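2 protein chains.
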Amino acid sequence: MATADAARPGFQLPLLLLAGFRTLIDDLHAELTRQGHPELRPLHGFVLQAVGADGTTATELGQRLGISKQAAGKTVDRLIAVGYLDRVDDPRDARRRLITMTPRGVDGLRRSAEIFDRLRERWVEALGPERVDALEDDLRTMAAPNWFRLDVPGWFGG
Amino acid sequence: MATADAARPGFQLPLLLLAGFRTLIDDLHAELTRQGHPELRPLHGFVLQAVGADGTTATELGQRLGISKQAAGKTVDRLIAVGYLDRVDDPRDARRRLITMTPRGVDGLRRSAEIFDRLRERWVEALGPERVDALEDDLRTMAAPNWFRLDVPGWFGG
DNA sequence: CACGTTCGACAACCACGTTTACTATTCCGT
DNA sequence: ACGGAATAGTAAACGTGGTTGTCGAACGTG
């Protein structure tokens, strides 16, 4: 049973990682709702970031997120329906349809990044900066996400 | 942008936690398939553990997993269909139907726990025991899963 | 013994992903 | 210049993992 702390329940690594993630995105979602973005579901921030400031296509978005182009297309449909994305024909290639962020999308992404920054700050306050840095470093070593390819400059991670 | 390591992509906390979890359960799933449990999907181990050695009911299972009783019931249906769980009438209460693990379910759960132990060992080899302990401790502090209630003795975390 | 509560089941629905298949367009080699 | 190959987007069927709402049967308590 590893090195379980007797005072706290001895959950192990997988559950702890999942709980950490859920804690963060649940807090994000709640705060985002409070700030006027109730339609933005927890994971949509990552989609917005993957779209990027210059826009993308469905295929490229799928590659960045590590999902099929069809799934990416459907996600884009939903985000268009709630006003965060836009899709226009590419004049240089009639096959392509360029996906871009609306001003509302930019606002939602910016707020997401700010909220994540504040949440990380809470971790730093509770654990100390060295521990949080170590935690991030170790996770980068053991679990770099090889799905989620992000070659665009972004707000939270890339 | 916090304390991003220039050598590795600067993914931030939420993505790193998700990546850590996904890495672990993907490895678990692959190994479980290799060991003769291809039907056992990544998260089913948690369900089996929540059922526990003594069995439980759909409502209670839902509470333990932090999901609705209906969702728990459907998951149980699937695990019964592939032979990991069993459902029998409770003689003491005709409303209740007791959910128990089959021998195959017990085997799958035991193997899951063993595989997780080995995966953690890999982290210890790469990072050193102190770092892994610190990581688990910090996550227990910041992200105790308040869904996932586990009052039964279990294999991986409880 | 009647009434409120609890349990499981059923149905409809949603989010998010998959695979397979198809159309339209562009690219490229002969 | 043209025809086949590659690429972009869309559509349909399906799987999984959730949600609400409803309902009947069984329980337990005043």
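In order, the protein sequences belong to chains A and B.
Numbered according to my numbering, the first sequence spans residues 1 to 158.
Numbered according to my numbering, the second sequence spans residues 1001 to 1158.
Even glycine gets a Cβ: it sits at the ideal position worked out from N, Cα and C.
Fair warning: this is a prediction, and the values are worked out from it, not measured in the lab.
Exercise. Residue ranges of each beta strand (DSSP E) run of no fewer than 3 residues wholly in the segment 64-103 of chain A, ordered along the chain?
Worked result: 85-89 and 97-101
Problem set entry | Contact list for the segment 1112-1124 of chain B against chain A, Cβ threshold 7 Å | 1116, 1120 and 1123
Exercise. Considering only the beta carbon of each residue, do residue 1119 of chain B and residue 1027 of chain B sit closer than 8 Å?
Worked result: The count along the second sequence starts at 1 and reaches residue 1119 of chain B at position 119. The count along the second sequence starts at 1 and reaches residue 1027 of chain B at position 27. Taking 8 Å as the Cβ cut-off, residue 1119 of chain B and residue 1027 of chain B qualify as a contacting pair.
Problem set entry | chain B within 8 Å of residue 18 of chain A, Cβ atoms only | For this step, residue 18 of chain A is matched to residue 18 along the first sequence. It does; some Cβ of chain B falls within 8 Å.
Exercise. Is the distance from the Cβ of residue 1032 of chain B to the Cβ of residue 1040 of chain B below 8 Å?
Worked result: Here residue 1032 of chain B is taken as the residue at index 32 of the second sequence, counted from 1. Here residue 1040 of chain B is taken as the residue at index 40 of the second sequence, counted from 1. For residue 1032 of chain B and residue 1040 of chain B, yes; Cβs fall inside 8 Å.
Problem set entry | C-alpha gap between residue 68 of chain A and residue 74 of chain A, whole angstroms | Within the first sequence, the letter at position 68 stands for residue 68 of chain A. Within the first sequence, the letter at position 74 stands for residue 74 of chain A. Looking at the two C-alpha atoms, the distance is approximately 10 Å.
Exercise. Based on Cα-Cα distance, which residue from A:71, A:51, A:25 and A:20 lies nearest to residue 99 of chain A?
Worked result: Translated into positions along the first sequence, residue 99 of chain A becomes position 99. For residue 99 of chain A, the nearest C-alpha among the options comes from A:51.
Problem set entry | residue 1091 of chain B burial status per 10 Å Cβ neighbour count (16 or more: buried) | What you label residue 1091 of chain B is simply residue 91 of the second sequence in a count that begins at 1. Classification for residue 1091 of chain B: exposed.
Problem set entry | Cβ neighbours of residue 24 of chain A in the same chain (closer than 8 Å, five flanking residues each side left out) | Mapped onto the first sequence, residue 24 of chain A falls at position 24. Cβ within range, chain order: 116 and 119.
Exercise. Between which two residues does the alpha helix (DSSP H) carrying residue 1129 of chain B extend?
Worked result: In the second sequence, counting from the first residue as 1, residue 1129 of chain B sits at position 129. Here the alpha helix (DSSP H) through residue 1129 of chain B covers 1129-1142.
For this session: Measure from the alpha carbon of residue 59 of chain A to the alpha carbon of each residue in A:53, A:49 and A:72, then state which is nearest.
Result: Here residue 59 of chain A corresponds to residue number 59 of the first sequence, with the count starting at 1. Here the closest residue by C-alpha is A:72.
Exercise. What is the DSSP secondary structure of residue 7 of chain A, reduced to helix, strand or coil?
Worked result: As a working note, residue 7 of chain A is residue 7 in the first sequence. Note that residue 7 of chain A scores 46 on pLDDT, short of 50, meaning its location in the model is unreliable; the coordinates nonetheless yield the value given after this. The answer is coil: DSSP assigns residue 7 of chain A none of H, G, I, E or B.
Exercise. So which residues of chain A does residue 1033 of chain B contact, with C-beta pairs closer than 8 Å?
Worked result: Working through the second sequence from its first residue, we reach residue 1033 of chain B at position 33. Simply none; closest approach about 17 Å.
For this session: Give a yes or no on whether the C-beta atoms belonging to residue 45 of chain A and residue 1142 of chain B are separated by under 8 Å.
Result: Looking up residue 45 of chain A in the first sequence gives position 45. Looking up residue 1142 of chain B in the second sequence gives position 142. No.
Exercise. With burial defined as no fewer than 16 other Cβ atoms inside 10 Å of the residue's Cβ, what is the status of residue 62 of chain A: buried or exposed?
Worked result: Working through the first sequence from its first residue, we reach residue 62 of chain A at position 62. Classification for residue 62 of chain A: buried.
Problem set entry | Identified DSSP bridge partners for residue 56 of chain A | Locating residue 56 of chain A in the first sequence gives position 56, counting from the first residue. Paired residue(s): A:99.
For this session: Report all residues from its chain with a CB closer than 6 Å to the CB of residue 1038 of chain B; omit the five preceding and five following residues, and keep chain order.
Result: Against the second sequence, residue 1038 of chain B aligns to sequence position 38. Around residue 1038 of chain B: no qualifying Cβ.
For this session: Apply the 10 Å Cβ neighbour rule to residue 105 of chain A and answer buried if 16 or more other Cβ atoms are within range, or exposed otherwise.
Result: Counting from one through the first sequence, the residue named residue 105 of chain A turns up at place 105. Buried, since its Cβ has 16 or more Cβ neighbours within 10 Å.
For this session: Please list the partners that residue 91 of chain A has in chain B, where partner means a Cβ-to-Cβ separation under 9 Å.
Result: Position 91 of the first sequence, counted from the start, is the residue given in the question as residue 91 of chain A. Near residue 91 of chain A there are no residues of chain B at all, since even the closest Cβ is about 33 Å away, more than 9 Å.
Exercise. In terms of residue numbering, what span does the alpha helix (DSSP H) encompassing residue 1022 of chain B cover?
Worked result: One-based indexing of the second sequence puts residue 1022 of chain B at position 22. 1013-1034 is the extent of the alpha helix (DSSP H) around residue 1022 of chain B.
For this session: In angstroms with no decimal places, state the Cα-to-Cα distance between residue 66 of chain A and residue 49 of chain A.
Result: Walking along the first sequence from the start, residue 66 of chain A turns up at place 66. Walking along the first sequence from the start, residue 49 of chain A turns up at place 49. The straight-line gap from Cα to Cα measures roughly 14 Å.
Exercise. Residue 87 of chain A to residue 97 of chain A, Cα distance in whole Å?
Worked result: For the purposes of this step, residue 87 of chain A is identified with residue 87 of the first sequence, where counting begins at 1. For the purposes of this step, residue 97 of chain A is identified with residue 97 of the first sequence, where counting begins at 1. For residue 87 of chain A and residue 97 of chain A, the distance between alpha carbons rounds to 6 Å.
For this session: Please check if any C-beta of chain A sits within less than 8 Å of the C-beta of residue 1067 of chain B.
Result: As a position in the second sequence, residue 1067 of chain B is number 67, starting the count at 1. Residue 1067 of chain B does not count as touching chain A.
Exercise. Which residues of chain B have a Cβ atom closer than 9 Å to the Cβ of residue 41 of chain A, listed in chain order?
Worked result: The residue given as residue 41 of chain A occupies position 41 in the first sequence. Near residue 41 of chain A there are no residues of chain B at all, since even the closest Cβ is about 14 Å away, more than 9 Å.
Problem set entry | residue 99 of chain A: contacting residues in chain B (beta-carbon distance under 9 Å) | Looking up residue 99 of chain A in the first sequence gives position 99. Residues of chain B passing the Cβ test: none, with the nearest at roughly 21 Å.
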